[in-house]
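Numbering (full-length UniProt numbering), first residue to last: 1 to 169. Heads up, the beta-carbon is just placed ideally off N, CA and C, and yes, glycines get one too. Note that the structure is predicted; figures quoted are calculated from it, not measured.
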């Protein structure tokens, strides 16, 4: 039930992986979130115990980490509570989520904030400069010359974006 609760467009299709694959995937940046559900989880929940679900988060992607972590906690809590409600009536939460931030456990924004700001500024400047260059070409009437060339409009825009990105750098 829990794996079926994570669906697009908010999450990619969940993969069933081992603990070793989880660590390697988080290290390599293939996963932003990894959820470790212990064996016999269903039996422990129905027996009234409070098993822990571990949510590993790659905290180098800070905005995704905080937003996604909240979504994951709500989804898992909702699924487990609706499952337990079918078998017994109890107001105690059957699951305690233990969230551990990986690669930035103290959530220090100073390490990544400056780099992310520079990348965001470069991206925004490249997009704005590309748009202004396209408007200038339309005003001068040279955009038609570009469109009759044997290249696609996508290739024209990518060339402009790359050139403006290099100018910004």
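Here residue 130 is buried, its C-beta having at least 16 other C-beta atoms within 10 Å. Around the C-beta of residue 7, fewer than 16 other C-beta atoms lie within 10 Å, and the residue is accordingly described as exposed.
With respect to residue 164, residue 126 sits close: the two C-beta atoms are nearer than 8 Å. Between residue 2 and residue 76, the C-beta gap is smaller than 8 Å, which places the two residues in contact. Secondary structure at residue 40: coil, using DSSP grouped into helix, strand and coil. In this structure, DSSP gives residue 6 a state outside helix and strand, which the three-state scheme calls coil. One thing to note: residue 74 has its Cβ no nearer than 8 Å to the Cβ of residue 54. Remark: fewer than three beta-carbon pairs, one from each stretch, lie closer than 8 Å, so the segment 7–18 and the segment 36–53 are not flagged as touching. Here the C-alpha atom of residue 63 lies approximately 19 Å from the C-alpha atom of residue 122. Around the beta carbon of residue 154, fewer than 16 other beta carbons lie within 10 angstroms, which makes this residue exposed.
Rounded to the nearest angstrom, the gap between the Cα atoms of residue 115 and residue 71 is 26 Å. Counted as a single uninterrupted DSSP element, the beta strand (DSSP E) harbouring residue 55 occupies residues 52–58.
DSSP places residue 47 in no alpha helix (DSSP H); its state is neither H nor E.
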